[in-house]
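Engineer:
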Amino acid sequence: MGRVALVTGGSRGIGAAIAIALKKAGYRVAVNYCGGDEVAARFSVDNDIPAYRWDVSDYEACIAGIARVEADLGPVEVLVNNAGITRDAMFHKMTVEQWKEVVDTNLSGVFNMTHPIWPGMRERKFGRVINISSINGQKGQAGQVNYSAAKAGDIGFTKALAQEGARVGITVNVICPGYIGTEMVRAMDETVLKERVLPQIPVGRLGEPEEMARIAVFLASDDSGFITGSTITANGGQYIA
Ligand code: NDP
């Protein structure tokens, strides 16, 4: 039987593509989501992947959710921390709530999910933690001080934890996607997309969720055991770190 993989925010977008690709690669996959019951139910039926609802910003909810997944599928060996949100505003207009929501979900969510799963990975001497950060965590983005700070935090988290996991067979890596053609980005005004977004991307197109998924599948595999603490930049050349 394949290893067990859990993808947070896996009911749509990049997370859904990662979950589907892991399943195709032979993993027993579960996804988590937060509020979109209908979308998650459709994803689950269409792809035969169980979906579990909880909020990654809530530590106790993560412990309970992970316990449900592990009771159904077995110990989580591959964790993909993908759940993320934006609450954009220029800094002088940013509210404390916008700051907290983004940091609690995009940064503390990574702690909340990884912390309960880590001891089991240590005991079994195998684990793969794959965090999904962003180009904007690398370069910063006006209007996204909260998001850029949280996503940069995910990179620091990855580098530090990789050093702790290395001797016990656990790798920790982070993928930094650029503009990816998820519903959110494709819903953008056509003119804005053509005149403002695409000219920033040297390869001249958006990335595909499946391209991020192929990176995640490689990082999850036994073949990637020598890669840890890495920041994988995947942005069509938009920002070369
Ligand atoms: P989407 O908005 O398409 O999907 C987000 C997913 O996360 C949904 O499944 C959503 O569930 C879930 N989610 C949101 N908040 C929570 C929460 N508190 N607890 C549990 N699940 C939650 O996102 P994308 O696919 O666009 O992005 C995925 C990741 O990639 C994010 O971390 C994002 O920051 C990052 N990224 C995306 C880029 C892009 O161009 N799309 C570029 C760079 C990085 P529900 O629907 O139930 O709320």
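With full-length UniProt numbering, the residue at position 81 of the sequence shown is 81, and numbering never jumps. Glycine included, C-beta positions come from ideal geometry on N, C-alpha and C.
So C62 is in the beta strand (DSSP E); what residue range does that whole segment cover?
Structural biologist: Taking the sequence shown and counting its residues from 1, one reaches residue 62 at position 62. It is not in any beta strand (DSSP E) - C62 instead sits in the alpha helix (DSSP H) that spans Y59 to L73.
Engineer: Thinking just about the alpha-carbon of each residue, which of C34, A40, S44 and N173 is nearest to the one in S57?
Structural biologist: Mapped onto the sequence shown, residue 57 falls at position 57. Checking every option, the nearest Cα to that of S57 belongs to C34.
Engineer: Spell out a yes or no on whether the segment 203-222 and the segment 150-161 are touching, meaning 3 or more CB-CB pairs, one atom from each, closer than 8 Å.
Structural biologist: No, because fewer than three Cβ pairs between the segment 203-222 and the segment 150-161 fall closer than 8 Å, the two stretches do not touch.
Engineer: Quick check on the burial criterion: 16 or more other C-beta atoms within 10 angstroms. Buried or exposed for V96?
Structural biologist: Taking the sequence shown and counting its residues from 1, the one referred to as residue 96 is at position 96. Exposed.
Engineer: What are the start and end residues of the alpha helix (DSSP H) that includes Y147?
Structural biologist: Reading the sequence shown from its first residue, position 147 is the one you call residue 147. Counting along the chain, the alpha helix (DSSP H) containing Y147 begins and ends at V145 to G165.
Engineer: Does Q138 pass the burial test, meaning 16 or more other C-beta atoms within 10 Å, or should it be called exposed?
Structural biologist: Taking the sequence shown and counting its residues from 1, the one referred to as residue 138 is at position 138. So Q138 counts as buried.
Engineer: So L6 is in the beta strand (DSSP E); what residue range does that whole segment cover?
Structural biologist: Here residue 6 refers to the residue found at position 6 when the sequence shown is read from its first residue. V4 to V7 is the span of the beta strand (DSSP E), which, as asked, contains L6.
Engineer: At which residue ranges does the segment 21-59 contain complete beta strand (DSSP E) runs of 3 or more residues, listed in the order of the chain?
Structural biologist: Whole beta strand (DSSP E) segments, 3+ residues: 28-33 and 51-53.
Engineer: Would you grab the beta carbon distance between N131 and Q144 for me? Rounded to a whole angstrom, and I think it's under 8 Å.
Structural biologist: Indexing the sequence shown from 1 puts residue 131 at position 131. Indexing the sequence shown from 1 puts residue 144 at position 144. Not really, about 18 Å apart at Cβ, beyond 8 Å.
Engineer: Please list, in chain order, all residues of the same chain as V168 whose beta carbon is under 7 Å from its beta carbon, the five residues on each side excluded.
Structural biologist: As a working note, residue 168 is residue 168 in the sequence shown. The answer, listed in chain order, is R122 and K125.
Engineer: Looking at P177 and the ligand NDP, is the gap between the Cβ and the nearest heavy atom below 7 Å?
Structural biologist: Numbered from its first residue, the sequence shown carries residue 177 at position 177. P177 Cβ: within cutoff of the ligand NDP.
Engineer: Quick check: G9 and N82, are their CB atoms within less than 8 Å of each other?
Structural biologist: Here residue 9 refers to the residue found at position 9 when the sequence shown is read from its first residue. Here residue 82 refers to the residue found at position 82 when the sequence shown is read from its first residue. Yes, the pair counts as a contact, with Cβ atoms nearer than the cut-off.
Engineer: Rounding to the nearest angstrom, what Cα-Cα distance links M113 and T231 in this structure?
Structural biologist: Translated into the one-based positions of the sequence shown, residue 113 becomes position 113. Translated into the one-based positions of the sequence shown, residue 231 becomes position 231. Distance between the alpha carbons of M113 and T231 is about 20 Å.
Engineer: With R128 as the anchor, note down where its beta strand (DSSP E) starts and where it stops.
Structural biologist: By 1-based counting over the sequence shown, the position of residue 128 is 128. First-last of the beta strand (DSSP E) with R128: G127 to I132.
Engineer: Put T231 into one of helix, strand or coil per three-state DSSP.
Structural biologist: Here residue 231 is taken as the residue at index 231 of the sequence shown, counted from 1. DSSP places T231 in strand when its eight states are reduced to three.
Engineer: Would a C-beta distance cut-off of 8 Å place A220 and V29 closer than the cut-off?
Structural biologist: Here residue 220 corresponds to residue number 220 of the sequence shown, with the count starting at 1. Here residue 29 corresponds to residue number 29 of the sequence shown, with the count starting at 1. In this structure, V29 does not lie closer than 8 Å to A220 by Cβ.
Engineer: By Cβ distance below 6 Å, which residues in the same chain neighbour I170 in space, the five residues on each side in sequence not counted?
Structural biologist: To locate residue 170, count along the sequence shown from 1; it is residue 170. M121 and G127.
Engineer: Can you tell me whether P177 is helix, strand or coil according to DSSP?
Structural biologist: Translated into positions along the sequence shown, residue 177 becomes position 177. Of the three classes helix, strand and coil, the one that applies to P177 here is strand, per DSSP.
Engineer: Output the distance between the C-alpha atoms of F91 and S148, rounded to the nearest integer angstrom.
Structural biologist: Numbered from its first residue, the sequence shown carries residue 91 at position 91. Numbered from its first residue, the sequence shown carries residue 148 at position 148. C-alpha separation (whole angstroms): 12 Å.
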